[in-house]
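Below is one structure, written out as structure tokens; comments come after it.
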Amino acid sequence: MSDMQETRQDIYDTGMKIRRAVVGDTYVDKSLASMDDFNHDLQSLITEYCWGAVWGRPGLERRERSILNLGMLIALNRGSELKLHVRGALNNGISREEISEIILQTAIYCGVPAGLEATRIAREVFAEVDKK
Numbered sequence: 004m005s006d007m008q009e010t011r012q013d014i015y016d017t018g019m020k021i022r023r024a025v026v027g028d029t030y031v032d033k034s035l036a037s038m039d040d041f042n043h044d045l046q047s048l049i050t051e052y053c054w055g056a057v058w059g060r061p062g063l064e065r066r067e068r069s070i071l072n073l074g075m076l077i078a079l080n081r082g083s084e085l086k087l088h089v090r091g092a093l094n095n096g097i098s099r100e101e102i103s104e105i106i107l108q109t110a111i112y113c114g115v116p117a118g119l120e121a122t123r124i125a126r127e128v129f130a131e132v133d134k135k
């Protein structure tokens, strides 16, 4: 194995550790179980690049990255990813009250419909968390 491959493997391993810590083993295991020839490269890219190379960088804490993600996902109207990252935000120590404030802030800049949809999604996640 070359140094470049080892480095990429290290980044991937870091990414997998962070991915599991933020979004949870259940979600990651489900994503990995659904890997096939079609989506294998995308799943590897997500783990290595997103979770390892970016989330693994110094400079921002996971909590800060979660706050940014919530705002961006609300702005982009990415409901499925928002649901995942609301759960991740809770795992990263962001309170429900803070999530409410993030949604309120984004509603001003992204529009009330975006805020309403984000609120619906957050409440759905909270209900799922409360059932456990």
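The sequence shown begins at 4 in the numbering used here and counts up by one. Quick reminder that beta carbons are idealized off the backbone N, C-alpha and C, glycines included.
The beta carbons of Leu85 and Leu73 sit closer together than 9 Å.
Contact annotation: the segment 119-129 does not touch the segment 43-61, with fewer than three C-beta pairs closer than 8 Å. A Cβ-Cβ separation of about 11 Å leaves Ile106 out of contact with Ile70 under the 8 Å criterion.
Counting every other CB atom within 10 Å of its CB across the protein chains shown gives Glu127 a total below 16, marking it as exposed.
Taking C-beta separations shorter than 7 Å and ignoring five residues to either side along the sequence, the partners of His88 in its chain run Ser69, Asn72, Leu73 and Leu76, following chain order.
Inter-residue distance for Ala125 and Ile14 is about 31 Å (C-alpha atoms, whole angstroms).
Within its own chain, no residue has a Cβ closer than 6 Å to the Cβ of Asn42 once the five positions on either side in sequence are excluded. When the beta-carbon positions are compared, Gly18 and Thr50 come within less than 9 Å of each other.
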